[in-house]
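For what it's worth, my numbering labels the leading residue of the sequence shown as 62, then goes sequentially.
A short write-up of the structure that comes next.
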Amino acid sequence: MDKPVIASRFPYPLPVKKGEKVFWCACGRSENQPYCDGSHKGTGITPVPYTAPRDKIVFFCGCKHSAKGPVCDGSHSELIDN
Ligand code: FES
Ligand code: FES
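Encoded structure:
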């Protein structure tokens, strides 16, 4: 399985409606961040579904290193530049 690429070093704050289901891009290759556009094909990585529990703003992970999957957990602040 390929490693995810860093799409952004910051989360994407986006509004969602209760019950709305989206597919978060886990591979970092989508041109439609933070959502999957099918670009993961051949990487062995698959998108992660997220269903909104209520109307809210979700901070979707852009770095693809969050331990909480689709949602930012602050891990982006520990990424090393290389
Ligand atoms: Fe990244 Fe689908 S494009 S998981
Ligand atoms: Fe990935 Fe924050 S953007 S953990």
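We treat Cβ as the ideally placed atom computed from N, Cα and C, and that holds for glycine.
In terms of CA proximity to K102, P65 leads the group P65, L140, G130. Leaving aside the five residues that flank P108 on each side, the residues in its chain whose CB is nearer than 7 angstroms to its CB run, in chain order, F84, W85, C86, A87, C97, H101. With fewer than 16 other Cβ atoms inside 10 Å of its own Cβ, F71 counts as exposed.
S91 sits buried, since 16 or more C-beta atoms from the chains shown fall within 10 Å of its C-beta.
With a cutoff of 8 angstroms on beta-carbon distance, C133 and S69 are scored as not near each other.
For the pair T112 and K78, the CB atoms are not nearer than the 8 angstroms cut-off.
Between P114 and F121 the beta-carbon gap is near 15 angstroms, outside 8 angstroms, which marks them as no contact. Judged by the Cβ position, S136 qualifies as a neighbour of ligand 2 at the 7 angstroms threshold, a heavy atom of the ligand being closer than this.
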